[in-house]
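For the sequence shown, position 216 (counting from the first letter as 1) is numbered 368 according to my numbering, and the numbering increases by one without interruption.
Note that the Cβ used here is the ideal one computed from N, Cα and C, for glycine as well.
To start, the structure itself, in C-alpha cells.
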Amino acid sequence: MMKIAQTIDAIRAAREEYGLESVGLVPTMGYLHEGHLELVRRARKENDRVIVTIYVNPKQFGPSEDLSRYPRDMEHDLELLSNENVDTVFAPSDEAMYPADYQTTVIVTQVTQPLEGARRPTHFEGVTTVVTKLFNLCRPTRAYFGQKDAQQVAVLRQMVRDLNFNLEIVVCPTVREKDGLALSSRNKYLTAEQRAAAPALHQSLRAATVLWAQGERNSDTLRAAMLDILSAVPSARVDYVSAANPTTLQEYSDTVAAGQGILFSMAVFFGQTRLIDNVLLPPGAE
Ligand code: AMP
Numbered sequence: 153m154m155k156i157a158q159t160i161d162a163i164r165a166a167r168e169e170y171g172l173e174s175v176g177l178v179p180t181m182g183y184l185h186e187g188h189l190e191l192v193r194r195a196r197k198e199n200d201r202v203i204v205t206i207y208v209n210p211k212q213f214g215p216s217e218d219l220s221r222y223p224r225d226m227e228h229d230l231e232l233l234s235n236e237n238v239d240t241v242f243a244p245s246d247e248a249m250y251p252a253d254y255q256t257t258v259i260v261t262q263v264t265q266p267l268e269g270a271r272r273p274t275h276f277e278g279v280t281t282v283v284t285k286l287f288n289l290c291r292p293t294r295a296y297f298g299q300k301d302a303q304q305v306a307v308l309r310q311m312v313r314d315l316n317f318n319l320e321i322v323v324c325p326t327v328r329e330k331d332g333l334a335l336s337s338r339n340k341y342l343t344a345e346q347r348a349a350a351p352a353l354h355q356s357l358r359a360a361t362v363l364w365a366q367g368e369r370n371s372d373t374l375r376a377a378m379l380d381i382l383s384a385v386p387s388a389r390v391d392y393v394s395a396a397n398p399t400t401l402q403e404y405s406d407t408v409a410a411g412q413g414i415l416f417s418m419a420v421f422f423g424q425t426r427l428i429d430n431v432l433l434p435p436g437a438e
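Following this line, the structure appears as C-alpha cells:
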C-alpha cells in the first residue's frame, strides 16, 4: 500500500521506517505526466524505497506568475503513482512547509543569475529552499530531476556540493510528445493553435544541434539559427534564446573554444503561457 504523508511528522515517520534502505526522491509540483513518471520509474529501479513529493511551492513563483492557476489533480496523481509502486507520497500543506513564523531562505549566488534567474529573480531561491527542506525530511540516497529544467539541475548540483548533502543527483532525459514538444504541466494552457506552433522550440534546438554537429562554433550564428525559426511563428513571443557554457551557464560570445560543451536553451511565450526547452551537448559530443 502506498503511504500518503501530509505532515512533517508523517514524512519523518515514513523515512524513519526505511532506516538504512536506499531511498530515491522525486520532487514534483503534481499534475503528473510521462516526464515525471520516467523519473519515478528510474527511481524505482535504482532504490529500495521511492518517495515522490507533490507540492506546488509558492516560494518559486513570482508575483505575476501562474501560482493560483497552476493545474492540480491530486486524485489522478495518486492513482498514477500507486501504479508505479511508489512507497510514499509526501503532499504537504503550505502551513506545514511554511508556518507563520518561517524565516529561512537558501540562496545559491552565481549559477542562479543568468537565463531563467534573470527573468524570474526569486525563482531559484524558492527551489533551493524547498528542495533543501525535502532533502532534510526524506534524506534520499538519490534525488531525480529532469533535464527539461537544465538550470535547475545546475543550481541544485551546486547546492548539493556547497552544503555537503550526502546524496546523488540523477538527471533524466526530457520526455517529448511525438512532434517534439517537451511534456510540461503548463502545456495544458495552450490553445489548439498555440499547441500546433509549440514544436518550434524543439525544431530550433534541432537546427542549432545540427549546426553544432557540422562544426559551427560562432555562438551568434547558433543563437540566430534558433531565433530565425522561433521568429517565424506568429503566435510565439521569444523571451530569450541562449547558447551557454553548460556548467557556469554564462552566455558564450564570439567563437566557442575547442573542447567546450554547449547548452542551447530558450523561453518562449504563447499568450500568457511560458514554455522552456533545452538541449545539452556535453564536451566530447562534437
Ligand atoms: P515540475 O512538476 O514541473 O516541478 O517537475 C518535476 C520534475 O519533473 C522536475 O525535475 C522536472 O525537470 C521534471 N520534468 C518535467 N517535465 C519533464 C519532461 N518533459 N521530461 C523529463 N523530466 C521532466
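- Here the region 418-433 makes contact with the region 338-351; the two share three or more CB pairs at distances below 8 angstroms.
- With fewer than 16 other Cβ atoms inside 10 Å of its own Cβ, H228 counts as exposed.
- Nearest Cα to G182 within the set V192, S174, G176: V192.
- When only Cα atoms are considered, L401 and L415 end up about 8 angstroms apart.
- With a cut-off of 7 angstroms, the C-beta of D229 is classified as distant from the ligand AMP, since no heavy atom of the ligand falls inside that distance.
- Minimum Cα-Cα distance from Y222 among the listed residues G436, P251, Y207 corresponds to Y207.
- DSSP places S394 in the uninterrupted beta strand (DSSP E) bounded by 388-396.
- A distance criterion of 7 angstroms places the beta-carbon of P266 beyond contact range of the ligand AMP, judged by its closest non-hydrogen atom.
- V238 is positioned such that its CB atom lies closer than 8 angstroms to that of V204.
- Bridge pairing for P179: T205 [DSSP].
- In this structure, H354 sits away from R389, with a CB-CB distance that is not shorter than 8 angstroms.
- Burial check for D200: the Cβ neighbour count within 10 Å stays below 16, so the residue is exposed.
- Relative to the non-hydrogen atoms of the ligand AMP, the Cβ of G298 comes within a distance shorter than 7 angstroms of at least one.
- In the structure shown, the three-state DSSP call for N288 is helix.
- Bridge partners of K155 according to DSSP: T240.
- Annotation for C324 indicates a beta carbon within 7 angstroms of some heavy atom of the ligand AMP.
- Taking P325 as the centre and dropping the five residues before and after it, the same chain places the C-beta of Q299 closer than 7 angstroms to its C-beta, in chain order.
- Taking a 10 Å sphere around the C-beta of M378, we find 16 or more other C-beta atoms and assign the residue as buried.
- Between M418 and V393, the C-beta spacing is below 8 angstroms.
- Beta bridge pairing from DSSP links F276 with no other residue.
- Contact between P266 and E403 holds: their C-beta atoms lie close to 7 angstroms from each other, under 8 angstroms.
- Residue burial annotation: P244 is buried, with at least 16 other C-beta atoms found within 10 angstroms of its C-beta.
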